[in-house]
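Protein chains: 2
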Amino acid sequence: MIIETVDLYYLAIPQVRDIADGSQDALLVRVRSGGHTGWGECEASPLVSIANYVCPMSHANIKPVRDGVVGATIDAPDDIVDLSRQVAKTGLDIPQNDHTWSGIEMALWDLLGRQMGQPVYKLLGCDKAYPKTPYASQLFGDTPQQTLAKAQASRQQGYRAVKFGWGPFGRKSVRDDSDQLTAAREGLGDDAILLVDAGTAWIDDVDAAAARLDALAQAKATWLEEPFISEALQAYGQLARISAPVKIAGGEAAQNFHMAKQLIDYGGIGYVQIDAGRVGGIHPARRVAQYANSKGVTFVNHTFTTHLQLSASIQPFADIQDASLCEYPVEPASLAAELSDDQVPVGSDGQVRLPDAPGLGVIPNAAAIRKYLVDTQIKVCGTVLYTTPDVNDL
Amino acid sequence: MIIETVDLYYLAIPQVRDIADGSQDALLVRVRSGGHTGWGECEASPLVSIANYVCPMSHANIKPVRDGVVGATIDAPDDIVDLSRQVAKTGLDIPQNDHTWSGIEMALWDLLGRQMGQPVYKLLGCDKAYPKTPYASQLFGDTPQQTLAKAQASRQQGYRAVKFGWGPFGRKSVRDDSDQLTAAREGLGDDAILLVDAGTAWIDDVDAAAARLDALAQAKATWLEEPFISEALQAYGQLARISAPVKIAGGEAAQNFHMAKQLIDYGGIGYVQIDAGRVGGIHPARRVAQYANSKGVTFVNHTFTTHLQLSASIQPFADIQDASLCEYPVEPASLAAELSDDQVPVGSDGQVRLPDAPGLGVIPNAAAIRKYLVDTQIKVCGTVLYTTPDVNDL
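Chains as they are written, first to last, in our numbering: chain G, 1 to 394; chain U, 1 to 394.
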């Protein structure tokens with residue numbers, strides 16, 4: 001198949017709020033070839049990645065992503081891997097490049113799966129897709145009382161694992177954080193899995209993170225996620241050596257296989273969390289899953305947006321039975337909720353299963369795209385490099 | 001001083017060529033406050049960084065760079081550091097953020113230096129600015145004969161240190177690379193310093209890099225630069241353990257202090273090469289210089305563009321006498337050559353000295369900006385978020 005068209009759709013809710021909710025906008029990607037269509041999604045600033053897709057060449061290592069894609073031939077999984085390598089090379093000096101490429105790579109897997117009549121995980125070499133235990137991923141309440149209520153609600157909805165993150169956590173005193181953790185555990189009851197996300201609050205300050213370890217252990221938190229920015233490897237390593245019984249989790253910021261590998265090799269993390277919409281797509285996520293498994297580190301998807309992203313981020317570790325948790329967005333903005341009729345639902349047994357369908361199994365609704373589309377235009381030297389695609393073509 | 005205006009100027013030569021020459025375009029930044037003006041330059045894809053400067057908020061960790069800047073108060077060096085921390089936080093999920101911020105941060109130091117009547121290195125706490133030995137930084141010739149001629153020409157121009165990089169090196173056979181190295185050494189004569197830049201040719205393949213070590217040692221190369229992509233820390237570490245007498249150099253891709261620190265902590269590099277236009281500006285570069293010095297690693301600037309960049313990238317290690325080499329661009333495109341009358345010249349003693357002038361000491365020419373300005377517009381939801389600044393205001 002020769003890639004005939006690539007279209008980028010910038011979607012957003014009308015009033016984006018200043019909270020750590022990544023589901024308020026989206027950059028959708030559609031690829032078409034030979035009567036087939038594939039969909040993907042970048043977990044990225046839409047405008048910055050659109051600019052990256054069309055930017056004029058600066059030199060041999062700053063070329064627009066689109067240069068290598070339209071007209072490329074994709075007949076087998078290796079063709080996607082080869083194209084990824086090429087795009088990484090021509091975009092070596094554009095830090096945004098992996099975020100932009102992620103959604104396109106994802107769409108290419110979806111396209112290939114549909115053309116071959118296979119789910120993506122089979123194309124990745126997985127014999128089987130094991131069900132995963134979803135953890136309800138949500139923001140901390142502004143107060144411990146709100147967090148307690150959110151925890152109770154998640155249990156009532158049937159979740160056996162819950163993650164709280166961001167909000168006030170890590171931004172106030174140790175005592176405040178301790179109160180939040182106590183409230184979370186109280187709301188969940190004794191038998192649920194509690195996961196905690198510090199959202200890089202302490203940047204690289206090991207002492208600040210260590211000061212919370214007692215409270216985390218008392219609340220029986222399974223992991224402490226992103227205590228630091230992802231590049232602070234030495235801080236990760238130091239904290240991991242003293243954090244037991246709490247494990248350290250991280251990796252959502254990884255833009256390629258190597259950034260995730262570093263956190264495993266030097267950061268001492270127990271869980272590696274990968275977003276297929278950031279790490280360069282589905283294949284690098286698969287590489288991380290296999291590397292983590294070989295090192296006794298548990299892979300988890302990072303997903304806070306749509307079910308298209310959710311499917312794409314679970315495919316890479318479908319066959320790793322021990323990696324049994326999966327992040328499951330439970331408070332998506334309307335855009336993410338309405339984007340597709342196809343869902344990756346929680347079954348009656350409380351488990352999540354990938355769609356038994358070709359590709360990623362999740363097709364965005366034309367109506368949702370039309371509703372949330374953000375009209376965008378980029379013009380350089382009088383030439384329109386990007387304009388919002390025609391909605392009549394959906 | 002309250003930052004009154006920030007202007008981004010996208011400049012490019014008319015025909016950008018597909019070679020590894022980063023001086024073919026530029027993203028200049030001008031900041032103004034209280035009658036003073038500061039200039040900086042992002043070493044970045046101009047269009048991608050412009051989009052990053054104005055992009056609509058996606059959530060709490062994807063906000064436009066400009067949000068925090070216009071209206072901020074800068075009265076002392078710490079104010080710049082504080083603002084950098086704030087911008088890093090609100091742009092946490094925009095990989096392009098550091099590239100974009102770098103040029104603004106640089107302009108803020110220039111502004112503060114001009115307002116205080118001090119060169120930037122003094123604001124950084126350097127008592128003294130030692131002269132540096134420039135190495136003539138250039139691309140390998142397409143053939144060994146061309147490389148030999150380029151080496152001879154550099155010696156005739158008085159350079160005692162020369163770097164060859166990119167071009168065919170690392171892209172062909174070990175024998176081809178060996179021939180290039182022999183030619184380079186022959187052209188330089190026995191007593192000059194030869195530096196070699198592989199331009200990430202081997203990605204993370206230690207064996208491919210190791211196969212060149214004998215030829216590098218025979219050519220008495222001082223360092224092998226960027227054998228791998230900067231995230232391949234384990235590969236760097238493995239190569240560094242077997243590379244003596246040749247040292248490994250790297251770091252130009254570092255987008256923050258921590259990425260450079262990793263290469264020192266785990267990558268075993270002997271030279272750390274920092275571009276102030278990428279690493280988040282002048283202050284993070286200073287942090288790397290001090291950390292490297294404490295670890296016995298030699299700091300070198302990475303500069304392949306203008307003399308504004310050159311000044312900005314030397315200021316951070318002005319007072320480190322042992323870090324005596326400095327990268328010096330010798331084949332700039334016309335844009336970089338014409339950008340300023342102010343230069344950071346090679347003196348009659350063959351040494352480079354920072355301008356003894358307030359700020360960075362290099363003011364871009366209005367005529368050059370007008371000549372190379374690239375007309376650019378970004379529009380979202382009918383609102384023009386960016387348009388090329390008015391040249392009558394220069």
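The beta-carbon is built from N, C-alpha and C at its ideal position, and this holds for glycine as well.
Tell me which residue opens and which closes the beta strand (DSSP E) that residue i is part of.
i	result
residue 27/U	25-33
residue 137/U	133-139
residue 162/U	161-165
residue 12/U	5-12
Rounded C-beta distance between residue i and residue j? I'm assuming under 8 Å.
i	j	result
residue 9/G	residue 245/G	About 45 Å separates the two Cβ atoms, so there is no contact after all.
residue 283/U	residue 33/U	Not quite, the Cβ-Cβ distance comes to about 18 Å (not below 8 Å), so this is no contact.
residue 259/U	residue 230/U	7 Å
residue 29/G	residue 107/G	5 Å
residue 131/G	residue 352/G	6 Å
residue 276/U	residue 285/U	5 Å
residue 224/G	residue 196/G	5 Å
residue 129/U	residue 319/U	7 Å
Counting only Cβ pairs nearer than 9 Å, list the residues of chain U close to residue i.
i	result
residue 99/G	93, 94, 95 and 96
residue 276/G	Simply none; closest approach about 15 Å.
residue 265/G	233, 234 and 266
So which residues of chain G does residue i contact, with C-beta pairs closer than 9 Å?
i	result
residue 379/U	375, 376, 377, 378 and 379
residue 138/U	Ordered by position in chain G, no residue passes the 9 Å Cβ test against residue 138/U, which lies about 14 Å from the chain.
Determine the chain G residues that contact residue i at a beta-carbon separation under 8 Å, and present them in chain order.
i	result
residue 258/U	204, 229, 231, 232 and 233
residue 161/U	Going along chain G, no residue has its Cβ under 8 Å from residue 161/U, so there is no contact; the nearest lies around 24 Å.
residue 306/U	Neighbours of residue 306/U on chain G: none; closest Cβ ~14 Å, over 8 Å.
residue 413/U	With chain U running from 1 to 394 in the structure shown, residue 413/U is simply not present.
Output, in chain order, the set of chain U residues within a Cβ distance shorter than 7 Å of residue i.
i	result
residue 60/G	18, 19 and 20
residue 24/G	58 and 59
residue 48/G	48, 51, 52, 55, 94 and 96
residue 200/G	92
residue 273/G	None at all; the shortest Cβ gap to chain U is about 14 Å.
Along the chain, where does the alpha helix (DSSP H) containing residue i start, and where does it finish?
i	result
residue 101/U	97-116
residue 146/U	144-156
residue 121/G	120-123
residue 80/G	77-90
residue 41/U	No alpha helix (DSSP H) contains residue 41/U, which is instead part of the beta strand (DSSP E) from 36-42.
residue 332/U	Neither: residue 332/U is in no alpha helix (DSSP H) and is coded neither H nor E.
residue 49/G	46-54
Report the option in the options whose CA atom is closest to the CA atom of residue i.
i	options	result
residue 165/U	226/U, 116/U and 338/U	226/U
residue 143/U	113/U, 169/U, 104/U and 1/U	169/U
residue 56/U	272/G, 125/G and 18/G	18/G
residue 360/G	147/G, 344/G, 369/G and 367/G	344/G
residue 350/G	159/G, 310/G, 233/G and 3/G	159/G
residue 251/U	300/U, 394/U and 14/U	300/U
residue 50/U	35/U, 123/U, 197/U and 100/U	100/U
residue 58/U	59/G, 96/G, 13/G and 141/G	13/G
residue 383/U	298/G, 358/G, 148/G and 374/G	374/G
residue 334/G	358/G, 348/G and 368/G	368/G
residue 309/U	325/U, 339/U and 296/U	339/U
residue 243/G	267/G, 256/G, 20/G and 48/G	267/G
residue 270/G	322/G, 280/G and 393/G	322/G
residue 26/G	127/G, 42/G and 60/G	42/G
residue 313/G	278/G, 63/G and 22/G	278/G
residue 136/U	336/U, 290/U, 332/U and 362/U	332/U
residue 5/G	354/G, 66/G and 272/G	66/G
residue 411/U	189/U, 377/U and 370/U	Absent from the model: residue 411/U. The displayed extent of chain U is 1 to 394, so no value can be given.
Identify the contact partners of residue i in chain U, using a Cβ-Cβ distance below 8 Å as the criterion.
i	result
residue 255/G	95
residue 382/G	375
Going along chain G in order, which residues have a C-beta closer than 7 Å to the C-beta of residue i?
i	result
residue 180/U	Residues of chain G passing the Cβ test: none, with the nearest at roughly 18 Å.
residue 238/U	Those within 7 Å of residue 238/U in chain G number zero; the least Cβ separation is about 12 Å.
residue 313/U	Correct list: empty, because the minimum Cβ distance to chain G is about 16 Å.
Residue i: beta carbon under 7 Å from a heavy atom of the ligand HEM?
i	result
residue 182/G	Among the ligands in the structure shown, none appear at all, so the ligand HEM cannot be discussed.
- Message: For a minimum of 3 consecutive residues, which ranges assigned as the beta strand (DSSP E) are wholly contained in the stretch 251-328 of chain U?
- Response: 271-274 and 298-301
- What are the complete alpha helix (DSSP H) segments, minimum 4 residues, inside the stretch 179-204 of chain U? none
- Task: Quick one: which unbroken beta strand (DSSP E) runs of 3-plus residues sit fully inside the stretch 202-239 of chain U? Chain order, please.
- Result: 221-225
- Item | Entirely enclosed beta strand (DSSP E) segments - the stretch 356-387 of chain G, minimum 3 residues | 376-380 and 383-387
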